[in-house]
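Asks:
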Amino acid sequence: MQPKRLSPSEAKQKIYRYCAYQERSHKEVRDKLYEYGLYKSDVEDILSTLITDGFLNEERFAKAFAGGKFRMQHWGRLKIVNELEGKGLTKNCIKIGMKEIEDDAYIQTLREILQKKSRQLEEKNPFIKRDKVARYAIQKGFEPELVWTHVKELVKD
0 MQPKRLSPSE AKQKIYRYCA YQERSHKEVR DKLYEYGLYK SDVEDILSTL
50 ITDGFLNEER FAKAFAGGKF RMQHWGRLKI VNELEGKGLT KNCIKIGMKE
100 IEDDAYIQTL REILQKKSRQ LEEKNPFIKR DKVARYAIQK GFEPELVWTH
150 VKELVKD
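If you're matching positions, the sequence shown starts at 0 in numbering that gives the first Met the number 0 and goes up one per residue.
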């Protein structure tokens, strides 16, 4: 069963609500419009209208995404940058979005993550424990050099 094709005016109404709900990247909106069964010319027209009306702004999206993922999910910079690149944002927009993450808060969050994970592990061997704690933080997107610097300070057994 094929999905119903929406007319450009119906799709425009739906996409306005979609964009008003939360910040979206251009790629997400473009993909959603194609899901509605629109042709390329209609999609580009609607996208340009959304941008001029202020519903779409990639810098605003990058700031909201980076700040939110850092504060709520405790993601590191590497993971956030990777996700933003996957959403089709330009290097400049990504750089602007990453300014939302303050260095002091970043280090403090990393330390909290490392301490919490270290307390959770019941590993007796300090080398294995150090490795597991570091791998966890690196998997969350924190820079390996930074992680290892703080892991060595934390796990001194």
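Note that beta-carbon positions come from the ideal geometry of N, C-alpha and C, so glycine has one too.
Give the straight-line distance between the Cα atoms of K3 and K13, rounded to the nearest whole angstrom.
Replies: 14 Å
Asks: I think I50 touches A65, with their Cβ atoms under 8 Å apart; what is that distance to the nearest whole Å?
Replies: Not confirmed; about 20 Å, so no contact.
Asks: Pull up the distance between the alpha-carbon of K68 and that of A133, whole angstroms please.
Replies: Cα to Cα, K68 sits roughly 20 Å from A133.
Asks: Could you have a look at I203 and say whether DSSP puts it in helix, strand or coil?
Replies: Only positions 0 to 156 of the chain appear in the structure, and residue 203 is not among them; the question remains open.
Asks: Is F60 near E22, with beta carbons less than 7 Å apart?
Replies: yes
Asks: If we call anything under 7 Å between Cβ atoms a contact, is K62 one with G36?
Replies: Going by C-beta atoms, K62 is not nearer than 7 Å to G36.
Asks: Return the Cβ separation of L46 and V28 in integer angstroms, given the expectation that the two are a contact with Cβ distance under 8 Å.
Replies: 6 Å
Asks: With respect to the alpha helix (DSSP H) encompassing E76, which residues constitute its N-terminal and C-terminal limits?
Replies: The residue you asked about is not Glu; residue 76 is Arg in the sequence shown. Residues 76–85.
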